[in-house]
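Per numbering that gives the first Met the number 0, the very first residue in the first sequence carries number 0; after that it's consecutive.
Note sheet for the following structure.
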Amino acid sequence: MRIYNTMTGTKEEFVPLKKNSVGMYVCGPTVYNYIHIGNARSFVVFDMVRRYFEYTGYFVKYVQNFTDVDDKIIKKANEEGRSVSKVSERFIGEYFKDTDALGIQRATIYPRATQVMDDIISFISVLVRKGYAYETQDGVYFSVEKFKDYGKLSKKNIDDLISGARVEVNDTKRNPLDFALWKLAKPGEPYWDSPWGKGRPGWHIECSVMSSKYLGDTFDIHCGGPDLVFPHHENEIAQSEAKSGVKFVNYWMHAGYLNINNQKMSKSLGNFFTVREILEKYDPMVVRFFMLSSHYRNPINFSFDLLDQAKVGFERIKNSVLKLGDLKGQAESSSGDNEIIQDITKEKQGFISAMDDDFNSAAAISHVFNIAGIANTRINVQSGRATINCAADTITELMDVLGISLNIKKEMLDEEIEKQIEERQQAREYKDYAAADKIREELKKQGIILEDTPQGVRWKRI
RNA sequence: GGCGACGUACCCAAGCGGCUAAGGGAGAGGUCUGCAAAACCUUUAUGCCCCGGUUCAAAUCCGGGCGUCGCCUCCA
């Protein structure tokens, strides 16, 4: 399996630290609002990575944090007249509603900044003791000049960054690039006791602390959104390697942006969608299918038009599985057609090699379409149950690897609807097509689509 | 100003030096059907932003343009 490593800028063969097991750390959300569709892309992508590892037999320890104390949460809490923990609790709940819908598996563990305060404090103490950090009147800062490899992930050097001159002026810092490890509390802000006074951790330190606490000083894969490369991940490396003296992470993975009209989503541009509002209109599996239809590192444009395109493609796959379900019930022979089964197996192998090559889900999906094509053109009642099952099971299995559920349940329709379908069939027999079409229209309004096939009437929900 | 990514058909999108440039959507024509839907068949890039170069061979490598976007500030 090959993985593109941001650190080296190349694809590398994945070699785990411990055989058959992977430690993954994913930077999670700051819980002050509903997550937006761009956040969702990252989480979907790394969930896909995790699922593929599991599919190929790895045990994955998946750690994702919640940043539950920070300036934005404090601001929100003040606006709403609530406590910080009330706000963060609430949006952690909302986070799970959205990500559960999107089929994102729960992490092995969800540490929170506020739950690891002691670890954070002792981590910072080590940095102070080793001379990497210094105290000022408003907190404790990490000295980037002390860490010789600073900038190695984002390929920046300290001098260029300073001459970039967009760094805020802060007299208390020795170098404008130095970042806060501990911020002393201003009146009205939440605080924890520390050797440096009452305060709260800076943003970057929590991830260094939590990842080492649960995965060790060196671990396999660290993931996050593209805008975390600098400064967040760069700072994590500095803190962690300064403290431990060993390599922090073996593979850095970053997703691509999700753009609107080719531009990064941002609140100031007003091109901002929450997952919640998208899911009011679209099947979460369509959203997921859309996101995985391009390679995870490429930027994707988001629009409802593109989502509609994805939806039709997704339905093509579902329809073929639906058809296979009907055939299964009618097939007389349990045998199989070896040639077809072999071709399906080839497509499955194509899927796997695509995924093995840096999780190329876009190429992988094309193989699923190819199996659907085989099902539509070459499989019929005579093909035998083994063939039919092979096609249906393979499609379902591969989509499941991507975390895309086809949601084809053998649910029962309620009696009233069954009766209407029955009535429509009667009407059709008497060639009363006006009546038949009327019933079909009415069912459509209730979200039931009827299709007359050679195998009889088939229904599906929109 | 520094650093980086990308530019493949009407749209989306694979492609990582070598078989006729995947796959999906949309359009057009047709088959099937009472109609519709689904599905199927045919059709849509002698060419991959442009110009040079390397090579027996380039969408793929190198150089130079043009264009788009991103990071350098909280941000997935």
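By construction, the Cβ of each residue, glycine as well, lies at the ideal position given by its N, Cα and C atoms.
Note that the coordinates shown come from a computational prediction; the quantities given were computed from them, not determined experimentally.
Proximity below 8 Å, CB of residue i to CB of residue j
i: Gly27; j: Phe218; result: no
i: Ala39; j: Val400; result: no
i: Ile407; j: Leu321; result: yes
i: Arg427; j: Ala433; result: no
i: Leu183; j: Asp137; result: yes
i: Ser210; j: His221; result: yes
i: Val30; j: Ile73; result: no
i: Phe160; j: Phe141; result: Per the sequence shown, the amino acid found at residue 160 is Leu instead of Phe. The answer is no: Cβ separation not under 8 Å.
i: Gly37; j: Met264; result: yes
i: Ile420; j: Ile394; result: no
i: Ile259; j: Asn270; result: yes
i: Asp336; j: Gly383; result: yes
i: Asp46; j: Arg111; result: no
i: Ile91; j: Phe65; result: yes
i: Val208; j: Val115; result: yes
i: His366; j: Ala353; result: yes
i: Ser174; j: Glu134; result: For the sequence presented, residue 174 should be read as Asn rather than Ser. No, the pair does not count as a contact, with Cβ atoms beyond the cut-off.
i: Val380; j: Leu214; result: no
i: Ile447; j: Ile416; result: yes
i: Glu450; j: Ile438; result: no
i: Leu405; j: Lys317; result: yes
i: Glu233; j: Tyr131; result: no
Which of helix, strand or coil DSSP assigns to residue i
i: Ile204; result: helix
i: Met252; result: strand
i: Glu503; result: Given a span of 0 to 461 for the chain in the structure shown, any question on residue 503 remains unanswerable.
i: Gln262; result: strand
i: Phe271; result: coil
i: His232; result: helix
i: Ala179; result: strand
i: Lys327; result: helix
i: Asn318; result: helix
i: Gly150; result: coil
i: Leu305; result: helix
i: Gly141; result: The question names Gly, yet the displayed sequence has Phe at residue 141. Note: Phe141 maps to strand in three-state DSSP.
i: Leu16; result: coil
i: Lys11; result: First, the residue type needs correcting, since residue 11 is Glu and not Lys in the sequence shown. Strand.
i: Asn4; result: strand
i: Ile119; result: helix
i: His35; result: strand
i: Asp356; result: strand
Residue(s) in a DSSP beta bridge with residue i
i: His221; result: Tyr24 and Trp251
i: Gly455; result: Thr452
i: Ile447; result: Arg460
i: Arg173; result: In the DSSP output, where bridge partners are listed per residue, Arg173 has none listed.
i: Thr29; result: Thr66
i: Ile299; result: Leu257
i: Arg199; result: Lys182
i: Arg111; result: Phe65
heavy atom of the ligand COA below 7 Å from residue i C-beta
i: Ile370; result: Inclusion of the ligand COA in the displayed structure is not the case, the ligand content being empty and no account of it being possible.
Report the start-end ranges of each alpha helix (DSSP H) in the segment 37-103 that is 4 residues or longer and not cut off at the edges. The qualifying runs are 70-79 and 83-100.
For the segment 235-245 against the segment 95-106, are there 3 or more C-beta pairs whose distance is under 8 Å? no
Would you mind listing the beta strand (DSSP E) stretches within the segment 376-410 that are 3+ residues and don't spill past its ends, in chain order? As far as the segment 376-410 is concerned, it has no whole beta strand (DSSP E) run of at least 3 residues.
Can we say the segment 254-267 touches the segment 220-234, given the rule of at least three CB pairs closer than 8 Å? Three or more Cβ pairs closer than 8 Å define a contact, and the segment 254-267 meets that threshold against the segment 220-234.
Check whether the segment 64-83 and the segment 149-156 are in contact - that is, three or more C-beta pairs closer than 8 Å. no
Can at least three beta-carbon pairs, one atom from the segment 110-121 and one from the segment 44-56, be found at a separation below 8 Å? The segment 110-121, when compared against the segment 44-56, does not touch it at the 8 Å Cβ threshold.
Between the segment 5-15 and the segment 91-101, are three or more C-beta pairs nearer than 8 Å? no
Touch check for the segment 305-319 and the segment 353-362: three-plus C-beta pairs under 8 Å? no
Return the chain-ordered ranges of every alpha helix (DSSP H) run that is complete within the segment 407-431 and spans a minimum of 4 residues. 414-428
Assess, as a yes-or-no matter, whether the segment 335-353 is touched by the segment 290-299 under the definition of 3 or more beta carbon pairs within less than 8 Å. no
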